[in-house]
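Scroll down for the structure; my scribbles are underneath it.
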Amino acid sequence: MGKPHLYLVDGSGFIFRAYHRLPPLTDPQGTPVGAVYGFTAMLWKLVNELNAAEAPSHLAVVLDAGSHTFRNDMYADYKANRPPPPEDLLPQFPLIRDAVRAFSIPCIEEAGVEADDIIASYAKVALAAGYDVTIVSSDKDLMQLVEPGLDLYDTMANKRIDREAVIEKFGVPPEKVGEVLALMGDTADNIPGVRGVGPKTAAELIVQFGDVEGVIAGIEAIRKPKLKATLAESINMARLSRELVRLKDDVPLAEPLDALGLRPPPPAPLAAFLGKHGFKAMLAKLSREGGDEGRAATAAVQAEQPKFVHADYETVTTAERLHAWIMDARAVGVVAIDTETDSVDQMRARLVGVSLATAPGCACYIPVDHRSGDGLLAEKVDQLGLSEVLEALRPLLADPAVLKVGQNLKYDMVVLRQHGIELLAPFDDTMLLSYALDAGRGHHGMDELSAKHLGHTPISFKMVTGGVASAKADFSQVPLRAATDYAAEDADVTLRLHTVFKDRLWREQVTRIYEQVDRPLLPVVASMEIAGIRVDRAALAGLSAAYEIEIARLEGEIHEAAGGPFTIGSPKQLGEVLFERMKLPSGRKSSKTGAWATDVTELERLAESGIEVAAKVLEWRQLSKLKSTYTDALQAQINPKTDRVHTNFALAATTTGRLSSNDPNLQNIPIRTELGRRIRHAFVAAPGHVLMAADYNQIELRLVAHVADVPELKAVYAEGGDVHALTAREVFGEVNRDTRARAKTINFSIIYGISAFGLAQRLGIDRGEAARYIDLYFSRFPGIRNYMAETINAAKDKGFVTTLFGRKCHAPLITSRNQGERQFAERAVVNARIQGTAADIIKRAMVAMPPALAAGGLGARMLLQVHDELVFEVPEGEVEATTAVVRGVMENAHRPLVELSVPLGVEVGTGISWGDAH
DNA sequence: TGCGTCACG
DNA sequence: GACGTACGTGACGCAG
Numbered sequence: 001m002g003k004p005h006l007y008l009v010d011g012s013g014f015i016f017r018a019y020h021r022l023p024p025l026t027d028p029q030g031t032p033v034g035a036v037y038g039f040t041a042m043l044w045k046l047v048n049e050l051n052a053a054e055a056p057s058h059l060a061v062v063l064d065a066g067s068h069t070f071r072n073d074m075y076a077d078y079k080a081n082r083p084p085p086p087e088d089l090l091p092q093f094p095l096i097r098d099a100v101r102a103f104s105i106p107c108i109e110e111a112g113v114e115a116d117d118i119i120a121s122y123a124k125v126a127l128a129a130g131y132d133v134t135i136v137s138s139d140k141d142l143m144q145l146v147e148p149g150l151d152l153y154d155t156m157a158n159k160r161i162d163r164e165a166v167i168e169k170f171g172v173p174p175e176k177v178g179e180v181l182a183l184m185g186d187t188a189d190n191i192p193g194v195r196g197v198g199p200k201t202a203a204e205l206i207v208q209f210g211d212v213e214g215v216i217a218g219i220e221a222i223r224k225p226k227l228k229a230t231l232a233e234s235i236n237m238a239r240l241s242r243e244l245v246r247l248k249d250d251v252p253l254a255e256p257l258d259a260l261g262l263r264p265p266p267p268a269p270l271a272a273f274l275g276k277h278g279f280k281a282m283l284a285k286l287s288r289e290g291g292d293e294g295r296a297a298t299a300a301v302q303a304e305q306p307k308f309v310h311a312d313y314e315t316v317t318t319a320e321r322l323h324a325w326i327m328d329a330r331a332v333g334v335v336a337i338d339t340e341t342d343s344v345d346q347m348r349a350r351l352v353g354v355s356l357a358t359a360p361g362c363a364c365y366i367p368v369d370h371r372s373g374d375g376l377l378a379e380k381v382d383q384l385g386l387s388e389v390l391e392a393l394r395p396l397l398a399d400p401a402v403l404k405v406g407q408n409l410k411y412d413m414v415v416l417r418q419h420g421i422e423l424l425a426p427f428d429d430t431m432l433l434s435y436a437l438d439a440g441r442g443h444h445g446m447d448e449l450s451a452k453h454l455g456h457t458p459i460s461f462k463m464v465t466g467g468v469a470s471a472k473a474d475f476s477q478v479p480l481r482a483a484t485d486y487a488a489e490d491a492d493v494t495l496r497l498h499t500v501f502k503d504r505l506w507r508e509q510v511t512r513i514y515e516q517v518d519r520p521l522l523p524v525v526a527s528m529e530i531a532g533i534r535v536d537r538a539a540l541a542g543l544s545a546a547y548e549i550e551i552a553r554l555e556g557e558i559h560e561a562a563g564g565p566f567t568i569g570s571p572k573q574l575g576e577v578l579f580e581r582m583k584l585p586s587g588r589k590s591s592k593t594g595a596w597a598t599d600v601t602e603l604e605r606l607a608e609s610g611i612e613v614a615a616k617v618l619e620w621r622q623l624s625k626l627k628s629t630y631t632d633a634l635q636a637q638i639n640p641k642t643d644r645v646h647t648n649f650a651l652a653a654t655t656t657g658r659l660s661s662n663d664p665n666l667q668n669i670p671i672r673t674e675l676g677r678r679i680r681h682a683f684v685a686a687p688g689h690v691l692m693a694a695d696y697n698q699i700e701l702r703l704v705a706h707v708a709d710v711p712e713l714k715a716v717y718a719e720g721g722d723v724h725a726l727t728a729r730e731v732f733g734e735v736n737r738d739t740r741a742r743a744k745t746i747n748f749s750i751i752y753g754i755s756a757f758g759l760a761q762r763l764g765i766d767r768g769e770a771a772r773y774i775d776l777y778f779s780r781f782p783g784i785r786n787y788m789a790e791t792i793n794a795a796k797d798k799g800f801v802t803t804l805f806g807r808k809c810h811a812p813l814i815t816s817r818n819q820g821e822r823q824f825a826e827r828a829v830v831n832a833r834i835q836g837t838a839a840d841i842i843k844r845a846m847v848a849m850p851p852a853l854a855a856g857g858l859g860a861r862m863l864l865q866v867h868d869e870l871v872f873e874v875p876e877g878e879v880e881a882t883t884a885v886v887r888g889v890m891e892n893a894h895r896p897l898v899e900l901s902v903p904l905g906v907e908v909g910t911g912i913s914w915g916d917a918h
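So for the first sequence, full-length UniProt numbering puts the first residue at 1; every next one is plus one.
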């Protein structure tokens, strides 16, 4: 036996560091456990993985018991300016104690003193008893204790801190560290120290005078007049600080030294703890390395993991059973519902079946329109009729006493409405719940959510339909047993997810954004999708034909210039032709693939230096884009039944709270060039109607003015002035067309999280000049710099930022060690608060719009949302009245949830087409 | 499937 | 001092 070696773990210090260094993990129950995971991994390492020479024979974890200690009696403001711990760290504190207990290690805390004092006291006794001591911490206060036989160990950096390391860090040996700390003070603990004295000066003074008292006695010998003056003023503060940083090393020991002897932890409680929080890697290690006992304990835990257990799901084929399920749902008051159809296109989807879940593991599937796969008639399948089932479900789905739960409920709502059934409040959508809680931390599809929160991977759609003989099989051909296993499971999963999320909603303070913004938006957007928008097919076909001719002409000319045919649409071939075959003055190569860059900026550069083929490629590109993405694709998207185009608005796709639009995307219809704008003219009103477009004017910049509290910007908006002109005057000293245009670019760059490089590129100037503009801008509008810094700090602290309405936008990369990733996240959060708040506002406007139109007796329908614009189809005689309602709703959409110090401006236009409405 | 490109806010 | 850089989307064609 060698010398006994005591390890004292500074638990509280470790948790804070682990919290900030590790990603925000959550366990299967949804509890945040990032710091707990780091702490557990650290204990594991200490107990199992240190080599024999440095392994502990004795071990204790020391924690801070409460906030009030004897130091508060000495100095009321001690640790007073410390912010409260982040909200997702709070629930982790009790889990830390669970972790220590799981390892069967003593956990020591004592009211009235800090962990540091307990550590100092144990260290003293242990050293006297002939132990070696290691303190697991990187806290600078504890560096005072280093002496022969005692070192600090920073497990995260895997670094030991001995006497030499202390001297290197502080410039003085450990026994003098307390003196240096007293002079320099500590903002985190609110130890005053001496103003203006940092680590350098403090060390110099202590080297010269020995200790704080020596400095005080020798004040007259100090030559620097300013330092001398502040020292003379701060004598009392220096003495107080010296006492505050002095560790108390005579705290009575709660446990005698030999009670801290380390034994291999019994595997059963450890396995239970690791299993409960989903620390699978460590559980697997325990199984591998913990011998027979470890393997047994691990197996036992894995066997009782919250498994996704359920009896066989029921296929409902009789009226009696259907009514039994409906009665059950009514009795419970909650039902998860999922519809199965034969198409992903909700406007064409035929209802094939409905599944219900009323309790975990308790779910059924009601087929209504399955066809047997071998071509036999529908009557061959044993199922209830569509209308019978729908009529039975109708009152349930409209029942105000039954909470309807769905995953992406908008889809079910649209399908049901197409079959004449309304799904009415109260309802919840697990996708939207996940979005409110976890936007920016992964996606919100059911399979992903189930794996993440339930530890269960549902049967995949592909697997079910893949089992059917025909290659193009849809769900109606899936045999009932397989269909039931799949469909009922989805309802079951949805119901279980709902339980997990509902519980987190209040705790994580996102109830308002969910209940006041995203959830009420769901039926509104469903109506917009069903409404669709009329598109002039002939006009699009005409454009396609015209583009076709131009494309062919350009293709010929480009091939001729290139000296032979090639695929112009292939960036790879185009780059080789331009820069290798034609030997044009070459520019950038992509950093990733090493391919020649052939994007607009590059081709424009060539075109400007008179190279005609570059201009032709640009034109070819533009026309090809317009034809393939718009004029051709949109024609194919016209629904034959309604003769309109029905987009899909994704409610949970972006990290900022915006909607997105797909199949087709109607949020990126061209407008910036005249050629593209023709496509917008093909979006037309139904007979007897006009289209109305209502845009928020500069909403994001207005929000910057409010959030960053910039008086000058706010004044301009209040007076209806020109913000870009203001910026031009402040930054360039004069307002003309050129400076105003550049000021506009600068203003935009603020919204995006400015960088000198980015601005330089946009303005076509060098970086230094761009940096000067930015400096000038910040000095004129200091609120903006503060806003950006505060936003980034908040994000680093919490892992997310919030909009004015309380929407959380997570940015896990904000603490990345990779600088590029981190800076990217910093710009993203600066933008997210603004973009997200604007998204909240227009969403509130959309929620308020249908009742406001109805109250005015108006027949207008809301068709589209394009981030800061709403498009309506308005009966011809109602333009004026509708304009007033629309403007009123949009300009007041933030109220009463949020008050703004700038007005919101809305511009409204009407016309026979979308192009004419602008 | 990933990449480059480009349409929008 | 080097490093890569505006923020948020979706759709298309090409090439592996």
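We put the beta carbon where it would ideally sit given N, CA and C, even for glycine. What you are looking at is a predicted structure, and each value in this text was computed from that prediction instead of being measured.
Cross-strand partners of residue i (DSSP beta bridge)
i: MET862; result: PHE872
i: PRO32; result: THR26
i: MET692; result: PHE872 and THR910
i: ILE533; result: VAL645
i: GLY905; result: ASN697
i: ARG160; result: TYR153
i: TYR7; result: LEU59 and THR134
Neighbour-count burial assignment, residue i, 16 or more Cβ in a 10 Å radius
i: ILE549; result: exposed
i: LYS140; result: buried
i: THR298; result: buried
i: residue 986; result: For the chain, the structure presents residues 1 to 918; residue 986 sits outside this window and is missing.
i: GLN144; result: buried
i: ASP664; result: Note that residue 664 corresponds to Pro in the displayed sequence, not to Asp. Label assigned to PRO664: buried.
i: LYS224; result: exposed
i: residue 919; result: Nothing in the structure corresponds to residue 919, since the chain is present only between 1 and 918.
i: SER434; result: buried
i: ASN408; result: buried
i: GLY440; result: buried
Own chain partners of residue i with C-beta closer than 7 Å, once the 5 adjacent residues on each side are dropped
i: ILE118; result: VAL62, ILE108, GLU110 and VAL251
i: residue 921; result: Here the chain comprises residues numbered 1 to 918, so residue 921 is not present and cannot be evaluated.
i: GLN383; result: THR317, PRO367, VAL368 and HIS370
Cutoff 6 Å; reference residue i; Cβ partners in own chain excluding five residues on either side
i: HIS68; result: none
i: ALA682; result: VAL535, ASP536, ALA539 and LEU540
i: PHE748; result: none
i: SER95; result: For the record, residue 95 in the displayed sequence is Leu; it is not Ser. Excluding residues within five positions, the ones whose Cβ falls inside 6 Å are VAL36.
i: ALA378; result: Any reading at ALA378 must be qualified, since the residue scores a pLDDT of 49, below 50, and its modelled position is unreliable; the value itself is stated next. ARG371.
i: GLY13; result: SER137 and ASP139
i: ILE222; result: LYS228
i: LEU776; result: VAL731
Inter-residue CB distance, residue i and residue j (contact presumed, cutoff 8 Å)
i: VAL902; j: ALA705; result: 5 Å
i: LYS627; j: ILE551; result: 7 Å
i: GLY806; j: ILE513; result: 5 Å
i: LEU423; j: ASP412; result: 7 Å
i: MET237; j: VAL180; result: The pair is not a contact, with the Cβ atoms about 15 Å apart (cut-off 8 Å).
Contacts around residue i, its chain only, beta-carbon distance under 8 Å, and the 5 residues preceding and following it disregarded
i: residue 921; result: Because the chain here runs from 1 to 918, residue 921 falls outside it and cannot be looked at.
i: ALA319; result: LEU384, GLU388 and ALA392
- Quick check: the stretch 855–862 against the stretch 894–910, are there 3 or more CB pairs under 8 Å? no
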